[in-house]
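Residue numbers (the working numbering): 34 to 167. For each residue, glycine too, the CB sits at the ideal point set by N, CA and C. A quick note: this is a predicted structure, and the numbers were derived from the prediction, not measured.
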Amino acid sequence: MSSVYTFGVRTGQASAMIDITSKVQDIIEDSGVKNGICIVFIPHTTAAVTINENADPDVVRDFLMEMNKIVPFSDGYRHMEGNSAAHIKSSMMGFSETIIIEDGRLLLGTWQGIYFTEFDGPRIRKVHVKIIEG
Ligand code: ZN
Numbered sequence: 034m035s036s037v038y039t040f041g042v043r044t045g046q047a048s049a050m051i052d053i054t055s056k057v058q059d060i061i062e063d064s065g066v067k068n069g070i071c072i073v074f075i076p077h078t079t080a081a082v083t084i085n086e087n088a089d090p091d092v093v094r095d096f097l098m099e100m101n102k103i104v105p106f107s108d109g110y111r112h113m114e115g116n117s118a119a120h121i122k123s124s125m126m127g128f129s130e131t132i133i134i135e136d137g138r139l140l141l142g143t144w145q146g147i148y149f150t151e152f153d154g155p156r157i158r159k160v161h162v163k164i165i166e167g
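Here is the structure:
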């Protein structure tokens, strides 16, 4: 398997965490790869990816609330596009995750999900997925 799979994410708010676990799992199933690693990569500078709890939706609410306190939307930034907070938050989260594939499934913990994290929405975004068999 050498191809890169890409799918779109439409975000509806300035800040959002969108669970993309099932989309990534579907790509793994379509690939036919049973064992290997999966890399999820976000080709943007104001959106990112992270892995965290996807059972209680209040985790997302608390997460975004605290991110906005740590990096406020306005704080005397100079970047003329006006979205410095989104650039900083995205680098804090990071732009890729690597997940083990075992028996055709993402080897995530019971409470873990893969989140696309939007910090400068609403926008239409891309997610790249690379699967390496092994
Ligand atoms: Zn910018």
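- H120 has its CB nearer than 7 Å to a heavy atom of the ligand ZN.
- Inter-segment contact for the region 106-121 and the region 35-45 is absent: fewer than three beta-carbon pairs are separated by less than 8 Å.
- Within a 10 Å sphere around the beta-carbon of V162 sit 16 or more other beta-carbons, which makes this residue buried.
- Applying a distance threshold of 5 Å between residue Cβ atoms and the heavy atoms of the ligand ZN selects E114 and N116, given in chain order.
- In the structure shown, A118 falls within a helical segment according to DSSP collapsed to helix, strand and coil.
- Residue environment for S36: exposed (fewer than 16 other C-beta atoms within 10 angstroms of its C-beta).
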